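Asker: A single structure is presented below for examination.
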Amino acid sequence: MIILIQSKDQIGLVAVISGILAKAGLNIVSLREHVDKVENRFFMRIEAENETDPLQLEAAIRQVLPEKALITINPKQEKKIVLLVTKEYHCLGDILIRNYFSTLGAEVQTVIGNHTTLEDVCKRFGIPFVYISHEEEQFEAKIMEHIVALDPDYIVLAKFMRILSPAFVAKFPARIINIHHSFLPAFAGAQPYKQAFERGVKLIGATSHFVTDQLDEGPIIAQQVIPVNHSFTATDMVKAGKDIEVSVLAKALRLVLNDRVFVYRNKTVVFE
19 MIILIQSKDQ IGLVAVISGI LAKAGLNIVS LREHVDKVEN RFFMRIEAEN ETDPLQLEAA
79 IRQVLPEKAL ITINPKQEKK IVLLVTKEYH CLGDILIRNY FSTLGAEVQT VIGNHTTLED
139 VCKRFGIPFV YISHEEEQFE AKIMEHIVAL DPDYIVLAKF MRILSPAFVA KFPARIINIH
199 HSFLPAFAGA QPYKQAFERG VKLIGATSHF VTDQLDEGPI IAQQVIPVNH SFTATDMVKA
259 GKDIEVSVLA KALRLVLNDR VFVYRNKTVV FE
(Lines of atoms letter the chains of each structure in order from A and count residues from 1; the text may use other names and numbers.)
(Lines give C-alpha, C1' and ligand atoms only; values in the text may rest on other atoms or scores of the structure.)
Protein backbone atom coordinates (compact mmCIF):
# COMPACT_ATOMS: atom_id res chain seq x y z
CA MET A 1 0.00 0.00 0.00
CA ILE A 2 1.11 3.57 -0.63
CA ILE A 3 -0.07 6.28 1.75
CA LEU A 4 0.41 10.00 1.05
CA ILE A 5 -0.26 12.58 3.75
CA GLN A 6 -0.03 16.36 3.84
CA SER A 7 -1.26 18.43 6.79
CA LYS A 8 -0.38 21.01 9.38
CA ASP A 9 2.41 19.83 11.61
CA GLN A 10 1.98 18.81 15.21
CA ILE A 11 3.94 16.79 17.74
CA GLY A 12 3.72 13.02 17.49
CA LEU A 13 2.30 12.58 13.99
CA VAL A 14 4.84 9.97 12.89
CA ALA A 15 4.26 7.94 16.05
CA VAL A 16 0.46 7.92 15.91
CA ILE A 17 0.32 7.21 12.18
CA SER A 18 2.79 4.34 12.57
CA GLY A 19 0.69 2.99 15.42
CA ILE A 20 -2.46 3.02 13.29
CA LEU A 21 -0.69 1.11 10.53
CA ALA A 22 0.65 -1.45 13.00
CA LYS A 23 -2.82 -1.95 14.45
CA ALA A 24 -4.12 -2.54 10.93
CA GLY A 25 -1.49 -5.24 10.39
CA LEU A 26 0.56 -3.21 7.92
CA ASN A 27 4.34 -3.51 7.88
CA ILE A 28 6.09 -0.26 6.94
CA VAL A 29 8.86 -0.91 4.42
CA SER A 30 9.54 2.74 3.52
CA LEU A 31 8.68 5.95 5.36
CA ARG A 32 9.74 9.40 4.23
CA GLU A 33 8.63 12.53 6.05
CA HIS A 34 9.46 16.21 6.03
CA VAL A 35 8.37 19.23 8.03
CA ASP A 36 8.45 22.69 6.46
CA LYS A 37 9.05 24.73 9.60
CA VAL A 38 8.31 28.04 7.89
CA GLU A 39 4.88 26.88 6.71
CA ASN A 40 4.34 24.49 9.68
CA ARG A 41 3.51 21.84 7.08
CA PHE A 42 3.92 18.07 7.44
CA PHE A 43 4.52 15.73 4.48
CA MET A 44 4.72 11.93 4.59
CA ARG A 45 4.97 9.09 2.06
CA ILE A 46 4.66 5.50 3.30
CA GLU A 47 4.99 2.17 1.52
CA ALA A 48 3.56 -0.72 3.51
CA GLU A 49 3.18 -4.46 3.04
CA ASN A 50 -0.07 -6.41 3.50
CA GLU A 51 -3.55 -5.11 2.78
CA THR A 52 -6.39 -3.52 4.71
CA ASP A 53 -9.55 -1.62 3.84
CA PRO A 54 -8.40 1.76 2.44
CA LEU A 55 -11.50 3.64 3.56
CA GLN A 56 -11.24 2.39 7.13
CA LEU A 57 -7.53 3.18 7.19
CA GLU A 58 -8.09 6.70 5.88
CA ALA A 59 -10.79 7.33 8.48
CA ALA A 60 -8.49 6.13 11.27
CA ILE A 61 -5.61 8.31 10.09
CA ARG A 62 -7.83 11.35 9.60
CA GLN A 63 -8.96 11.16 13.23
CA VAL A 64 -5.41 11.86 14.47
CA LEU A 65 -4.48 14.51 11.90
CA PRO A 66 -5.18 18.25 12.04
CA GLU A 67 -8.20 19.52 10.13
CA LYS A 68 -8.09 19.80 6.33
CA ALA A 69 -5.39 17.15 6.01
CA LEU A 70 -4.86 15.67 2.56
CA ILE A 71 -4.74 11.87 2.52
CA THR A 72 -4.35 9.59 -0.49
CA ILE A 73 -4.21 5.82 -0.11
CA ASN A 74 -3.24 3.57 -2.99
CA PRO A 75 -3.04 6.22 -5.74
CA LYS A 76 -3.60 4.81 -9.19
CA GLN A 77 -0.44 2.98 -10.22
CA GLU A 78 -0.76 3.30 -13.99
CA LYS A 79 -1.42 6.95 -14.79
CA LYS A 80 -2.74 8.36 -18.05
CA ILE A 81 -1.04 11.30 -19.77
CA VAL A 82 -1.62 13.54 -22.77
CA LEU A 83 1.32 15.19 -24.51
CA LEU A 84 1.33 18.63 -26.13
CA VAL A 85 4.03 19.22 -28.75
CA THR A 86 5.15 21.67 -31.39
CA LYS A 87 8.09 20.66 -33.63
CA GLU A 88 10.94 19.45 -31.42
CA TYR A 89 11.12 15.68 -31.21
CA HIS A 90 13.67 14.85 -28.51
CA CYS A 91 11.43 14.84 -25.42
CA LEU A 92 8.52 13.29 -27.30
CA GLY A 93 10.74 10.55 -28.70
CA ASP A 94 12.06 9.57 -25.29
CA ILE A 95 8.55 9.38 -23.81
CA LEU A 96 7.19 7.36 -26.74
CA ILE A 97 10.01 4.83 -26.53
CA ARG A 98 9.52 4.32 -22.79
CA ASN A 99 5.77 4.12 -23.31
CA TYR A 100 6.29 1.46 -26.01
CA PHE A 101 8.42 -0.69 -23.70
CA SER A 102 6.11 -0.12 -20.69
CA THR A 103 8.77 1.60 -18.59
CA LEU A 104 7.10 5.02 -18.45
CA GLY A 105 4.77 4.32 -15.53
CA ALA A 106 1.91 5.80 -17.51
CA GLU A 107 -0.09 5.31 -20.68
CA VAL A 108 0.23 7.96 -23.39
CA GLN A 109 -3.35 8.45 -24.52
CA THR A 110 -2.75 10.91 -27.34
CA VAL A 111 -0.42 13.62 -28.61
CA ILE A 112 -1.79 17.03 -29.52
CA GLY A 113 0.35 19.25 -31.74
CA ASN A 114 0.01 22.73 -33.17
CA HIS A 115 2.11 21.61 -36.15
CA THR A 116 2.02 18.31 -38.07
CA THR A 117 5.81 17.83 -37.89
CA LEU A 118 5.66 15.03 -35.30
CA GLU A 119 2.55 13.25 -36.53
CA ASP A 120 4.48 10.52 -38.37
CA VAL A 121 6.60 9.74 -35.31
CA CYS A 122 3.47 9.21 -33.24
CA LYS A 123 1.90 6.98 -35.90
CA ARG A 124 5.01 4.77 -35.91
CA PHE A 125 4.45 4.11 -32.22
CA GLY A 126 0.70 3.65 -32.62
CA ILE A 127 -0.18 6.77 -30.65
CA PRO A 128 -3.07 8.98 -31.85
CA PHE A 129 -2.04 12.44 -33.01
CA VAL A 130 -4.41 15.40 -33.06
CA TYR A 131 -3.45 18.49 -35.05
CA ILE A 132 -4.87 21.80 -33.86
CA SER A 133 -3.33 24.91 -35.39
CA HIS A 134 -2.65 27.78 -33.02
CA GLU A 135 -4.00 30.04 -35.77
CA GLU A 136 -7.47 28.52 -35.43
CA GLU A 137 -10.15 30.27 -33.47
CA GLN A 138 -10.81 28.70 -30.09
CA PHE A 139 -7.37 27.03 -30.19
CA GLU A 140 -7.24 26.40 -26.45
CA ALA A 141 -10.91 25.45 -26.29
CA LYS A 142 -10.35 22.70 -28.85
CA ILE A 143 -7.35 21.38 -26.93
CA MET A 144 -9.39 21.50 -23.75
CA GLU A 145 -12.20 19.54 -25.39
CA HIS A 146 -9.86 16.68 -26.30
CA ILE A 147 -8.17 16.62 -22.91
CA VAL A 148 -11.39 16.69 -20.90
CA ALA A 149 -12.78 13.81 -22.98
CA LEU A 150 -9.70 11.70 -22.20
CA ASP A 151 -9.55 12.71 -18.52
CA PRO A 152 -5.77 12.21 -18.12
CA ASP A 153 -3.98 12.33 -14.80
CA TYR A 154 -1.32 14.69 -16.18
CA ILE A 155 -0.65 16.86 -19.23
CA VAL A 156 2.98 16.99 -20.37
CA LEU A 157 4.30 19.90 -22.41
CA ALA A 158 6.98 18.06 -24.38
CA LYS A 159 8.49 21.24 -25.85
CA PHE A 160 5.07 22.76 -26.56
CA MET A 161 6.03 26.27 -27.59
CA ARG A 162 2.82 28.09 -26.81
CA ILE A 163 1.83 29.99 -23.67
CA LEU A 164 -1.31 28.64 -22.03
CA SER A 165 -3.85 31.06 -20.61
CA PRO A 166 -4.50 31.33 -16.85
CA ALA A 167 -7.99 29.94 -17.43
CA PHE A 168 -6.60 26.84 -19.12
CA VAL A 169 -3.99 26.29 -16.40
CA ALA A 170 -6.57 26.74 -13.65
CA LYS A 171 -8.55 23.84 -15.10
CA PHE A 172 -5.65 21.46 -14.33
CA PRO A 173 -3.95 22.60 -11.11
CA ALA A 174 -0.63 20.82 -10.44
CA ARG A 175 -1.34 18.54 -13.40
CA ILE A 176 0.51 20.28 -16.25
CA ILE A 177 4.22 19.43 -16.39
CA ASN A 178 6.63 21.53 -18.43
CA ILE A 179 10.28 21.17 -19.43
CA HIS A 180 12.15 24.47 -19.60
CA HIS A 181 15.41 25.03 -21.44
CA SER A 182 17.16 26.76 -18.53
CA PHE A 183 18.18 26.25 -14.95
CA LEU A 184 15.51 28.69 -13.83
CA PRO A 185 15.62 31.62 -13.60
CA ALA A 186 17.81 32.25 -16.61
CA PHE A 187 17.73 33.45 -20.21
CA ALA A 188 14.19 34.37 -21.22
CA GLY A 189 12.70 34.80 -24.65
CA ALA A 190 13.81 33.46 -28.00
CA GLN A 191 17.05 31.59 -28.78
CA PRO A 192 18.14 30.90 -25.18
CA TYR A 193 21.19 28.87 -26.20
CA LYS A 194 22.36 31.64 -28.52
CA GLN A 195 22.05 34.04 -25.58
CA ALA A 196 23.98 31.63 -23.39
CA PHE A 197 26.69 31.26 -26.01
CA GLU A 198 27.04 35.01 -26.40
CA ARG A 199 27.33 35.42 -22.63
CA GLY A 200 30.03 32.75 -22.43
CA VAL A 201 28.25 30.70 -19.77
CA LYS A 202 30.02 27.78 -18.10
CA LEU A 203 26.88 25.85 -17.11
CA ILE A 204 23.70 25.09 -18.97
CA GLY A 205 20.73 23.30 -17.54
CA ALA A 206 17.08 22.42 -17.66
CA THR A 207 14.14 22.64 -15.28
CA SER A 208 10.91 20.67 -15.11
CA HIS A 209 8.09 22.32 -13.24
CA PHE A 210 4.35 22.40 -12.81
CA VAL A 211 2.70 25.11 -14.89
CA THR A 212 0.99 28.04 -13.19
CA ASP A 213 -0.40 31.28 -14.58
CA GLN A 214 2.97 32.92 -13.81
CA LEU A 215 5.14 32.06 -16.81
CA ASP A 216 7.96 29.63 -15.92
CA GLU A 217 7.53 30.26 -12.20
CA GLY A 218 5.58 27.16 -11.14
CA PRO A 219 6.66 24.63 -8.47
CA ILE A 220 9.94 23.01 -9.52
CA ILE A 221 10.07 19.21 -9.76
CA ALA A 222 13.60 18.54 -11.06
CA GLN A 223 16.64 20.45 -12.27
CA GLN A 224 20.06 19.59 -13.62
CA VAL A 225 23.10 21.38 -15.03
CA ILE A 226 26.07 20.29 -17.12
CA PRO A 227 29.38 22.10 -17.67
CA VAL A 228 30.28 23.74 -20.96
CA ASN A 229 33.32 25.78 -21.97
CA HIS A 230 34.72 28.15 -24.57
CA SER A 231 35.06 25.36 -27.14
CA PHE A 232 31.29 24.87 -27.34
CA THR A 233 29.58 26.52 -30.28
CA ALA A 234 25.95 27.62 -30.05
CA THR A 235 25.05 24.43 -31.98
CA ASP A 236 26.97 22.31 -29.46
CA MET A 237 25.02 23.95 -26.66
CA VAL A 238 21.72 23.21 -28.38
CA LYS A 239 22.66 19.51 -28.67
CA ALA A 240 23.79 19.35 -25.05
CA GLY A 241 20.69 21.25 -23.99
CA LYS A 242 18.38 18.77 -25.71
CA ASP A 243 20.09 15.87 -23.95
CA ILE A 244 19.67 17.46 -20.55
CA GLU A 245 16.05 18.41 -21.27
CA VAL A 246 15.28 14.77 -22.02
CA SER A 247 17.03 13.67 -18.82
CA VAL A 248 15.31 16.19 -16.56
CA LEU A 249 11.84 15.62 -17.97
CA ALA A 250 12.28 11.86 -17.66
CA LYS A 251 13.29 12.26 -14.02
CA ALA A 252 10.40 14.61 -13.28
CA LEU A 253 7.88 12.23 -14.83
CA ARG A 254 9.32 9.28 -12.91
CA LEU A 255 8.97 11.19 -9.62
CA VAL A 256 5.47 12.47 -10.33
CA LEU A 257 4.13 9.19 -11.71
CA ASN A 258 5.52 7.32 -8.69
CA ASP A 259 3.69 9.73 -6.35
CA ARG A 260 6.89 11.16 -4.87
CA VAL A 261 6.09 14.85 -5.39
CA PHE A 262 4.01 16.94 -2.97
CA VAL A 263 2.93 20.45 -3.98
CA TYR A 264 2.23 23.19 -1.46
CA ARG A 265 1.86 26.80 -2.52
CA ASN A 266 4.63 27.40 -5.10
CA LYS A 267 7.07 24.77 -3.85
CA THR A 268 7.45 21.02 -3.94
CA VAL A 269 8.62 18.37 -1.52
CA VAL A 270 10.21 15.53 -3.49
CA PHE A 271 10.95 12.17 -1.87
CA GLU A 272 13.43 10.67 -4.33
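Going by our numbering, the residue at position 213 of the sequence shown is 231; the numbering climbs one at a time, nothing skipped.
All C-beta atoms, glycine included, are put in the ideal place defined by N, C-alpha and C.
Predicted, not measured: the structure shown is a model, and the values here were computed from it.
Ignore the nearest five residues each way along the sequence and tell me which others in V219's own chain have a CB closer than 8 Å to its CB.
Answerer: Closer than 8 Å at the Cβ level, and outside the excluded window around V219, lie V246.
Asker: For a quick check, are the C-beta atoms of S48 and E67 less than 8 Å apart?
Answerer: no
Asker: Quick check on this structure: which residue in K41, Q24, K86, A258 has the alpha carbon closest to the alpha carbon of I222?
Answerer: A258
Asker: Taking the Cβ atom as the reference point for each residue, do I20 and V100 lie within a distance shorter than 8 Å?
Answerer: no
Asker: What's the C-alpha gap between A120 and A270?
Answerer: Note on identity: in this sequence residue 120 is Ser, with Ala being the wrong assignment. Each residue's alpha carbon lies about 17 Å from the other.
Asker: Taking the alpha-carbon positions, what's the T251 to F215 distance?
Answerer: Going from the Cα of T251 to the Cα of F215 covers about 7 Å.
Asker: From the DSSP output, in three-state form, read off T70 for me.
Answerer: coil
Asker: Can you tell me the Cα-Cα spacing of A176 and R142, whole angstroms?
Answerer: 18 Å
Asker: Whole angstroms is fine: what's the gap from D254's alpha carbon to E263's?
Answerer: Answer to the nearest angstrom: the Cα atoms are 14 Å apart.
Asker: DSSP on G98, reduced to helix/strand/coil?
Answerer: Residue identity check: residue 98 is Lys in the sequence provided, not Gly. The answer is strand: DSSP assigns K98 an E or B state.
Asker: Quick one: what's N58 bridged to in DSSP?
Answerer: According to the DSSP secondary-structure assignment, N58 is paired through a beta bridge with no residue.
Asker: Out of E51, A33, G30, which one is the CA nearest neighbour of Q24?
Answerer: E51
Asker: In angstroms, rounded to a whole number, what distance separates the CA positions of K94 and R63?
Answerer: 15 Å
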